[in-house]
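In what follows, a single structure is set out as structure tokens and then discussed.
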Amino acid sequence: MGASSRVGSMIARVWRAGAFPVLTQARRGPCDLVWDPLADGTAPLEAFCAKQGRLSAIVSFVGATPGGSGEMSQTAALASCLLKAAKACGISRVLLASSSAVYGPGQNLTEAHPLLGSSDYARAKIDMENVAAGYRTPALNVCCLRIGNVAGADALLGPSGHHRYIDRYADGGGPMRSYIGLKSLARTLEALLGHTEPLPYFLNVATAPPVAMEELAEHRGLDWEWREAAPHTGHLQRITLDVSRLRAYVGDGVLKADAQSLVSELDGLDDTH
1 MGASSRVGSM
11 IARVWRAGAF
21 PVLTQARRGP
31 CDLVWDPLAD
41 GTAPLEAFCA
51 KQGRLSAIVS
61 FVGATPGGSG
71 EMSQTAALAS
81 CLLKAAKACG
91 ISRVLLASSS
101 AVYGPGQNLT
111 EAHPLLGSSD
121 YARAKIDMEN
131 VAAGYRTPAL
141 NVCCLRIGNV
151 AGADALLGPS
161 GHHRYIDRYA
171 DGGGPMRSYI
181 GLKSLARTLE
191 ALLGHTEPLP
201 YFLNVATAPP
211 VAMEELAEHR
221 GLDWEWREAA
231 PHTGHLQRIT
241 LDVSRLRAYV
251 GDGVLKADAQ
261 SLVSELDGLD
271 DTH
């Protein structure tokens, strides 16, 4: 779901290139299922499943996006409609794209960390998680994926013809973030979809270790320069996730990355660079 979103469309390209069985949904445009959950209710998905056969799972990228596009105020309602439809269709697993933004600033954040994110985007994802919890049953395994920065869909490496500025902190370095590449994200989703036991309600999703944003900019060949970080913002330099729980489901191989490998995962996927 959400095949028209940047991440959703690129994940679909990865899967189709690798012959992973995938059907796509969007509210308009070329896709397998044209469906607006808020306007159309559950009927289109039920009819689609009756024709295609029951779907094994749904991966949803619908709703709010970090840049402010997407249905910020409707994110929770979209999740509710989607999960209601999944239940009606007998779909047993739904992976919802949440975000590490729900935590707010911090280092080595685990799934048990308080949700202190204060941006509109973070609040939209927190509301979505709260609503989705009511649909989780033994018959419907709902898992919210608190995804870190996705290389190629973020503010640094995503589509932009503009000169970039990267904050420089007191130690001379820039921001450190937990990232994941698009191909690594696709492989992670595949592993989670194939897991036979119920998944936990929350999972942090990123590769390790965290990477410096200036290293990503250099490997990507971006036009960028330093900008001195504002005073009293040192706590924002390192915002990182603990992915120990995820590692238990997908293994170490998928979750190891560095700046060079993250950038290389964009090869053949990003038409904007």
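Residue 1 is where the sequence shown starts when you use full-length UniProt numbering, and the numbers rise one by one after that. Glycine included, C-beta positions come from ideal geometry on N, C-alpha and C.
Comparing alpha-carbon positions, which option in 165, 122, 160 lies nearest residue 230? Along the sequence shown, one-based indexing puts residue 230 at 230. The option with the nearest alpha carbon to residue 230 is 165.
Residue 1 beta carbon less than 8 Å from that of residue 62: Within the sequence shown, numbered from 1, the residue matching residue 62 stands at position 62. Within the sequence shown, numbered from 1, the residue matching residue 1 stands at position 1. Closer than 8 Å, so yes.
Report the rounded CA-to-CA distance for residue 5 versus residue 235, giving the unit in angstroms. The residue you call residue 5 lines up with position 5 of the sequence shown. The residue you call residue 235 lines up with position 235 of the sequence shown. Those two C-alpha atoms are separated by around 31 Å.
Local conformation of residue 207 per DSSP, three classes: To locate residue 207, count along the sequence shown from 1; it is residue 207. Residue 207: coil per DSSP, three-state reduction.
Just the C-alpha distance for residue 273 and residue 159, rounded to the nearest angstrom, thanks. If you number the sequence shown from 1, residue 273 lands on position 273. If you number the sequence shown from 1, residue 159 lands on position 159. The pLDDT assigned to residue 273 is 47, lower than 50, so where the model puts this residue is not dependable, and the model offers no usable value.
Pair within 8 Å by beta-carbon distance, residue 254 and residue 184: Indexing the sequence shown from 1 puts residue 254 at position 254. Indexing the sequence shown from 1 puts residue 184 at position 184. The beta carbons of residue 254 and residue 184 sit closer together than 8 Å.
Exposed or buried, what is residue 175 when buried is set at 16 or more other beta-carbons lying within 10 Å of its beta-carbon? The sequence position of residue 175 within the sequence shown is 175, counting from 1. Per the 10 Å Cβ criterion, buried.
List the residues that DSSP assigns as beta-bridge partners of residue 149. Looking up residue 149 in the sequence shown gives position 149. Per DSSP, 179.
Here's the rule: buried if 16 or more other CB atoms are within 10 angstroms of the residue's CB, otherwise exposed. What is residue 265? One-based indexing of the sequence shown puts residue 265 at position 265. Classification of residue 265: buried, given that the 10 Å Cβ count is 16 or more.
What are the residues that DSSP puts in a beta bridge with residue 20? Here residue 20 corresponds to residue number 20 of the sequence shown, with the count starting at 1. Its beta-bridge partners do not exist; DSSP assigns none.
In three-state DSSP terms, what is residue 250? Taking the sequence shown and counting its residues from 1, one reaches residue 250 at position 250. In the structure shown, residue 250 sits in a helix (DSSP, three-state: H, G or I).
C-beta atoms of residue 211 and residue 139 nearer than 8 Å: Along the sequence shown, one-based indexing puts residue 211 at 211. Along the sequence shown, one-based indexing puts residue 139 at 139. The answer is no: Cβ separation not under 8 Å.
What would DSSP say about residue 201, mapped onto helix, strand or coil? Working through the sequence shown from its first residue, we reach residue 201 at position 201. Coil at residue 201, not helix or strand.
Taking C-alpha atoms, which residue in 81, 27, 86 lies nearest to residue 54? Counted from its first residue, the sequence shown places residue 54 at position 54. Closest by alpha carbon: 86.
Rounding to the nearest angstrom, what Cα-Cα distance links residue 72 and residue 96 in this structure? By one-based count along the sequence shown, residue 72 stands at place 72. By one-based count along the sequence shown, residue 96 stands at place 96. About 15 Å.
For residue 54, the three-state DSSP class (helix, strand or coil): Taking the first residue of the sequence shown as 1, we reach residue 54 at position 54. In this structure, residue 54 counts as coil in the three-state DSSP scheme.
8 Å Cβ cutoff met for residue 103 and residue 113: Counting from 1 along the sequence shown, the entry for residue 103 is found at position 103. Counting from 1 along the sequence shown, the entry for residue 113 is found at position 113. A contact, by the Cβ cut-off of 8 Å.
Nearest-angstrom Cβ-Cβ length linking residue 141 and residue 93, presumed shorter than 8 Å: Numbered from 1 along the sequence shown, position 141 holds the residue referred to as residue 141. Numbered from 1 along the sequence shown, position 93 holds the residue referred to as residue 93. At roughly 5 Å, the Cβ-Cβ gap stays under 8 Å, so residue 141 and residue 93 are in contact.
Here's the rule: buried if 16 or more other CB atoms are within 10 angstroms of the residue's CB, otherwise exposed. What is residue 209? Position 209 of the sequence shown, counting from 1, holds the residue named residue 209. Label assigned to residue 209: exposed.
Who are the Cβ neighbours of residue 195 in its own chain at under 8 Å, not counting the five residues just before and after it? The residue you call residue 195 lines up with position 195 of the sequence shown. Excluding positions up to five away in sequence, the list reads 249.
Just to confirm, is the Cβ distance from residue 7 to residue 150 under 8 Å? As a first step, residue 7 is located in the sequence shown; it is residue number 7 there, counting from the start. As a first step, residue 150 is located in the sequence shown; it is residue number 150 there, counting from the start. Yes, they are a contact pair.
Rounded to the nearest angstrom, what separates residue 45 and residue 89 at their Cα positions? Counting from one through the sequence shown, the residue named residue 45 turns up at place 45. Counting from one through the sequence shown, the residue named residue 89 turns up at place 89. The straight-line gap from Cα to Cα measures roughly 8 Å.
Tell me the DSSP secondary structure of residue 112 in three-state form. Taking the first residue of the sequence shown as position 1, residue 112 is located at position 112. Reduced to three states, the DSSP call for residue 112 is coil.
To the nearest angstrom, how far is the alpha carbon of residue 49 from that of residue 167? Mapped onto the sequence shown, residue 49 falls at position 49. Mapped onto the sequence shown, residue 167 falls at position 167. Looking at the two C-alpha atoms, the distance is approximately 48 Å.
Which of helix, strand or coil DSSP assigns to residue 169: Walking along the sequence shown from the start, residue 169 turns up at place 169. Coil.
Return the CA-CA distance between residue 221 and residue 154, expressed in angstroms with no decimal places. Position 221 of the sequence shown, counting from 1, holds the residue named residue 221. Position 154 of the sequence shown, counting from 1, holds the residue named residue 154. Cα to Cα, residue 221 sits roughly 16 Å from residue 154.
In chain order, what residues of the same chain lie with their CB nearer than 6 Å to the CB of residue 268, ignoring the 5 residues before and after it? Along the sequence shown, read from residue 1 onward, the residue named residue 268 stands at position 268. Here the set comprises nothing.
Kindly list the residues whose CB is nearer than 7 Å to the CB of residue 119, restricted to its own chain and excluding five residues on each side of it in sequence; keep chain order. Here the question's residue 119 lines up with position 119 in the sequence shown. Excluding sequence neighbours, residue 119 sits near 101.
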